[in-house]
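A.B. asks: Residue numbers for the sequence shown, in mature numbering (1 follows the signal peptide of the UniProt record, and there is no 0): -25 to -1, 1 to 691.
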Amino acid sequence: MHHFKRVLFCVFFLSSVFGVGFSYAQCGGGTPVGEVTPIWGTQNGDGVPIPDMTLGQFALVNVVKGIQYEINAFHIQIYYHNGTQHPANRNPVFVRTRFTAEISGQVCVYYSGGGSGLHIKIIGGQNTIDIPRDIPPPNENNKWRGHFYKGANESDTPPLPSKYLGYFDLPESFNTVTNSTLFQIYSQGSTVPRLLANSDYFRIRFLMRSTRKGLYYVNLGADDGTRLEIDTLVYDNWDNKSDPKWEPVNNQIIKLSGNSLLSYEFYNGNGKLQYLFEISDANKIIENTIVGEQTICQGDQASPITGDDFKRRAQHNFNPTFQFQWHYATNPNGIGRTAIAGATQKDFTPDTKTTPFNQAGTYYLFREASVRFKNIGVDEETETILSNAVKVTVLPQPIVSIAPPEKLFCQGENAQIRIKINNGGTPPFTFSYEVNNVPLPPIQSSDNIFYIPVNTSKAGRFNYKYVSVTDGNGCRVTLGDSDDITINPLPTATFLEQNTTLCLNTSKAQIPWVTFTGERPFMVKVKATKPGGTSEEKEFPLKNNENRLVIEHTPNDKGEFTYEILWVRDANGCTTYFTDKKKVVNVVAPSIAPFQDVAWCLPEIVSAVYDNNGNTTITENGYQLSFGDTALDVVVNSVPCCPNPTLKWKVDDGAGAVLNGERQPSAYADGIFFENDTDMDKTYTITYWLECNGQKYNYVTRQIRITPRPQIHFSN
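(1) Go ahead and label residue -16 buried or exposed: buried means 16 or more other beta carbons lie within 10 angstroms of its beta carbon, across all protein chains shown.
(2) State whether the segment 141 to 152 contacts the segment 114 to 124, with contact taken as three or more CB pairs (one from each stretch) at a distance under 8 Å.
(3) Thinking C-beta only, is residue 157 closer than 8 Å to residue 198?
(4) Looking only at its chain, what residues have a beta carbon closer than 8 Å to the beta carbon of residue 384, apart from the 5 residues adjacent to it on each side?
(5) Using the DSSP secondary-structure output, state which residues sit across from residue 227 in a beta bridge.
(6) Measure the Cβ-Cβ separation of residue 440 and residue 409 and say whether it is below 8 Å.
(7) Quick check: the Cα distance between residue 633 and residue 606, rounded to an integer number of angstroms?
(8) How would you write the range of the beta strand (DSSP E) that residue 484 sits in, first residue to last?
(9) Taking DSSP as the reference, what is the three-state secondary structure of residue 505?
(10) Evaluate residue 698 with the Cβ neighbour count: other Cβ atoms within 10 Å of its Cβ, from every protein chain shown; 16 or more gives buried, anything less gives exposed.
(11) Straight-line CA distance for residue 446 to residue 370?
(12) Might you give, ordered along the chain, the residues of its own chain that have their beta carbon closer than 8 Å to the beta carbon of residue 238, omitting 5 neighbours on each side?
(13) For residue 94 and residue 24, which I take to be in contact (beta-carbon distance under 8 Å), what is that distance rounded to the nearest angstrom?
(14) Could you check how far apart the C-beta atoms of residue 577 and residue 603 are, in whole angstroms? I think they sit under 8 Å.
(15) Could you pull out every residue in the same chain whose Cβ sits closer than 6 Å to the Cβ of residue 671, ignoring the five residues on either side in sequence?
(16) Taking a contact to mean a Cβ-Cβ separation below 8 Å, would you say residue 172 touches residue 16 in this structure?
(17) What residue from 649, 615, 600, 653 has the CA that sits closest to residue 640's CA?
(18) I'd like to confirm the pairing. Which residues does DSSP put opposite residue 54 in its beta bridges?
(19) Pop quiz: residue 561 and residue 474 are said to be a contact at Cβ under 8 Å. What is the actual Cβ separation, rounded to whole angstroms?
(20) I need the straight-line Cα distance from residue 327 to residue 336, nearest angstrom please.
(21) In angstroms with no decimal places, state the Cα-to-Cα distance between residue 224 and residue 291.
(22) Which whole-angstrom value is the C-beta distance of residue 394 and residue 375, which I expect to be below 8 Å?
(23) With distances taken between CB atoms, is the gap from residue 170 to residue 97 smaller than 8 Å?
(24) To the nearest angstrom, how far is the alpha carbon of residue 482 from that of residue 382?
(25) Which value, in whole angstroms, describes the spacing of the CA atoms of residue 113 and residue 233?
(26) State the Cα-Cα distance for the pair residue 40 and residue 70, rounded to the nearest angstrom.
(27) Span of the beta strand (DSSP E) holding residue 463?
(28) Give the straight-line distance between the Cα atoms of residue 506 and residue 533, rounded to the nearest whole angstrom.
(29) Please return the same chain residues whose Cβ sits closer than 7 Å to the Cβ of residue 252, not counting the five positions on each side in sequence.
(30) Please state whether DSSP places residue 257 in a helix, a strand or coil.
(31) So, at 6 Å on beta carbons, what are the nonlocal neighbours of residue 610 in its own chain, with the 5 sequence-adjacent residues on each side left out?
(32) Looking at the strands, I want to know which residues DSSP matches up with residue 153.
(33) According to DSSP, is residue 421 part of a helix, a strand, or is it coil?
(34) Start and end of the beta strand (DSSP E) containing residue 753?
(35) Below 6 Å CB to CB, which residues in the same chain sit around residue 551 once its five sequence neighbours on both sides are set aside?
(36) Is residue 162 helix, strand or coil by DSSP?
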């Protein structure tokens, strides 16, 4: 082939280096005249010239173990660097010296024949020391090692070991165009080439362990053919039958695992070379790294989980398809992950209203990035990259129940609303509410129950709006419910404080006492206390049209009666309690002040009449209480209900004679005569009483004793 050659490798010709890692004194002695590196591919030519030398001089020759060399002279001695002579086959007939290198390194060549024009060439053999050849050197990642096989062609069969010469290294990314026809071949870790290889008819197999991870665009190609394997064949332009033939190919897509082994081969017939393999961070299709770890509350708005995007490029005669698919799992390894329907965008925002994010739990989000592409010489395929895991924690939202509160309360009553966190959420909880659209201070609880106080200090209708409950993690559930609560006013009472006086034994009295305001009908409880301290409590229901309490008292007993109202309850069940709200009813009667009995003696005799029978008749045998004499008067005590009682009396002599009188006895116009014509004391009884309002009160009696005179007897 004579077209322009393009291959993915670099060839360098190094200037002579003297004594690298080598002690010349250890050879056969003498001084070096130069360094020679033989070239494979010149077997039919003269070879590489060896500098002229004289006795005591030597040339350093780079050799590879297993390769056969020929020097066009007979008087040749070859030494190892340690001074030991290297075996060689000297043929005086053909004037040549041949040897097969037993080491990879340098040997010392001495020439004792004199003259000039020495050459050395490679006549055969193979590298027998540099193995293995199917893996890159250990601990040398991201660097190509190319194993060079002489004379290989485009056969698909693996190159034969008998064709192996050695290796050379290239960086991870290279693009070389060269007119050089020689490759520098190394062996056994040498830092200088041990042989040079002609670029006609060879095959190179490159190996590299790459620590890159992800999908990459690579530019690659060589003359005459190239192919790339990463576990399997991923690019094949080996026979140059497919377009673009020998031109470099851009944007071929490969997937690297972070420990991928790349095998890259090319072969060449002859001519100038271009060879390349370009990979870089800038050509990474996607890193597929996502961020956005978050903790959200059930039902709240989540934040987007974001990641890098594809670098979208066209391939040769093919347009790749780039797709995202989001998954979730319950473990950070993504085992058993589930695709999220419709989640095919670059970024994803969890929807806390749909499965699974509407349920509390810990979820791990993954983004699968896939590319459908076609590299040269292989079928279409799809490669995917799974992102890192992003944790999304959905905290449980408090589930709240509100016990239906009583809607009616009485002013001053102890009232509350019960709010319960049935489940979900983390203490402490904070409850927010409003009364008549005015926010009140939030209430906190470390328990799962709130008791919301109802302010009953004022009567009226109040709207209690339950706004939200927030837990210790800041998860907030909006409630939105409300209750209208009515605070009914307490019934009130207006008292007539003035006490009442009744006269004994008068008719039943209706005594006004208290007037109520509130929702009718009323129920009243009254305590009644009698004279002497005995009491009784009784409830009195008032009729629907009644709002006053009247005491009905029958004054059959005398004394002070106390009525005390304990409470009043209206139709709303609201109760007002009272203390020391009493009504005193005094039942009284007019009375006569105490007095003493009297004893009177008959007055002195004024005259006596004697009859014929010898009897003496004495007149004025009695006691006369004259008009105006107050000896039998009494003191009358009136009462308010009877300010002017009528005093009445009667005098009884015990024999049926009765004298009745009204007002004081002293006011009796004729006076009162108390007769006693006996020789013994005679007793009269005077009974007093009072009359008022048709009633008679205070019957009292007084005895009046009339003492007789001494008996006087007259004789004829």
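Note that beta-carbon positions come from the ideal geometry of N, C-alpha and C, so glycine has one too.
C.D. replies: According to the structure shown:
(1) For this step, residue -16 is matched to residue 10 along the sequence shown. Unreliable positioning characterises residue -16 in this predicted model, as indicated by a pLDDT of 29, which lies under 50. The coordinate reading is nonetheless provided below. Only buried fits residue -16, as 16 or more other CB atoms lie within 10 angstroms of its CB.
(2) yes
(3) Taking the sequence shown and counting its residues from 1, one reaches residue 198 at position 223. Taking the sequence shown and counting its residues from 1, one reaches residue 157 at position 182. Going by C-beta atoms, residue 198 is not nearer than 8 Å to residue 157.
(4) Within the sequence shown, numbered from 1, the residue matching residue 384 stands at position 409. Answer for residue 384: 390, 429, 431, 460, 461, 462, 463, listed in chain order.
(5) Stepping through the sequence shown from its first residue, residue 227 is reached at position 252. 193.
(6) Looking up residue 440 in the sequence shown gives position 465. Looking up residue 409 in the sequence shown gives position 434. Against a cut-off of 8 Å, the Cβ pair of residue 409 and residue 440 comes out as a contact.
(7) One-based indexing of the sequence shown puts residue 633 at position 658. One-based indexing of the sequence shown puts residue 606 at position 631. Rounded to the nearest whole angstrom, the C-alpha separation of residue 633 and residue 606 is 19 Å.
(8) To locate residue 484, count along the sequence shown from 1; it is residue 509. Element bounds for residue 484: 484 to 492.
(9) The sequence position of residue 505 within the sequence shown is 530, counting from 1. Annotated three-state conformation of residue 505 is coil, per DSSP.
(10) Residue 698 lies beyond the residue range present for the chain, which begins at -25 and ends at 691; the question has no answer from this structure.
(11) Position 471 of the sequence shown, counted from the start, is the residue given in the question as residue 446. Position 395 of the sequence shown, counted from the start, is the residue given in the question as residue 370. Roughly 10 Å separates the two Cα atoms.
(12) Along the sequence shown, one-based indexing puts residue 238 at 263. Excluding positions up to five away in sequence, the list reads 180, 181, 182, 203, 204, 205.
(13) Numbered from its first residue, the sequence shown carries residue 94 at position 119. Numbered from its first residue, the sequence shown carries residue 24 at position 49. Indeed they touch by this definition, with Cβ atoms about 5 Å apart.
(14) Along the sequence shown, one-based indexing puts residue 577 at 602. Along the sequence shown, one-based indexing puts residue 603 at 628. Approximately 21 Å separates the beta-carbon atoms of residue 577 and residue 603; this is outside 8 Å, ruling out the contact.
(15) Position 696 of the sequence shown, counting from 1, holds the residue named residue 671. Only 664 meet the Cβ criterion.
(16) For the purposes of this step, residue 172 is taken as the residue at position 197 of the sequence shown. For the purposes of this step, residue 16 is taken as the residue at position 41 of the sequence shown. It is a contact, given that the beta carbons lie within the stated cut-off.
(17) Position 665 of the sequence shown, counting from 1, holds the residue named residue 640. Checked all of 649, 615, 600, 653; the closest Cα to residue 640 is 600.
(18) Against the sequence shown, residue 54 aligns to sequence position 79. Note: residue 54 sits in a beta bridge opposite 60, 83.
(19) Your numbering for residue 561 matches position 586 in the sequence shown. Your numbering for residue 474 matches position 499 in the sequence shown. Indeed they touch by this definition, with Cβ atoms about 7 Å apart.
(20) Numbered from 1 along the sequence shown, position 352 holds the residue referred to as residue 327. Numbered from 1 along the sequence shown, position 361 holds the residue referred to as residue 336. Their Cα atoms are separated by approximately 11 Å.
(21) For the purposes of this step, residue 224 is identified with residue 249 of the sequence shown, where counting begins at 1. For the purposes of this step, residue 291 is identified with residue 316 of the sequence shown, where counting begins at 1. Going from the Cα of residue 224 to the Cα of residue 291 covers about 7 Å.
(22) Translated into positions along the sequence shown, residue 394 becomes position 419. Translated into positions along the sequence shown, residue 375 becomes position 400. Contact annotation, residue 394 with residue 375: C-beta distance approximately 6 Å; criterion of less than 8 Å satisfied.
(23) For the purposes of this step, residue 170 is identified with residue 195 of the sequence shown, where counting begins at 1. For the purposes of this step, residue 97 is identified with residue 122 of the sequence shown, where counting begins at 1. In this structure, residue 170 lies near residue 97, with their beta-carbon atoms less than 8 Å apart.
(24) If you number the sequence shown from 1, residue 482 lands on position 507. If you number the sequence shown from 1, residue 382 lands on position 407. Answer to the nearest angstrom: the Cα atoms are 49 Å apart.
(25) Looking up residue 113 in the sequence shown gives position 138. Looking up residue 233 in the sequence shown gives position 258. One C-alpha to the other measures close to 15 Å.
(26) For the purposes of this step, residue 40 is identified with residue 65 of the sequence shown, where counting begins at 1. For the purposes of this step, residue 70 is identified with residue 95 of the sequence shown, where counting begins at 1. The straight-line gap from Cα to Cα measures roughly 24 Å.
(27) On the sequence shown, residue 463 is found 488 positions in, with the first residue counted as 1. From DSSP, the beta strand (DSSP E) with residue 463 extends over 457 to 463.
(28) Taking the first residue of the sequence shown as 1, we reach residue 506 at position 531. Taking the first residue of the sequence shown as 1, we reach residue 533 at position 558. Each residue's Cα considered, the two are about 8 Å apart.
(29) Within the sequence shown, the letter at position 277 stands for residue 252. Within the same chain, residue 252 has close Cβ partners -18, 148, 149, 193, 195, 239.
(30) Position 282 of the sequence shown, counting from 1, holds the residue named residue 257. Residue state, collapsed to three classes: helix.
(31) Taking the first residue of the sequence shown as position 1, residue 610 is located at position 635. Taken in chain order, the residues that qualify are 568.
(32) Residue 153 sits at position 178 when you count from the first residue of the sequence shown. In DSSP, residue 153 forms a bridge with 248.
(33) In the sequence shown, the residue the question calls residue 421 occupies position 446. Note: residue 421 maps to coil in three-state DSSP.
(34) The requested residue 753 does not occur in the structure, where the chain is confined to residues -25 to 691.
(35) Residue numbering aside, residue 551 sits at position 576 when the sequence shown is read from its first letter. Correct list, in chain order: 465, 466, 543.
(36) By one-based count along the sequence shown, residue 162 stands at place 187. If DSSP states are grouped into helix, strand and coil, residue 162 belongs with coil.
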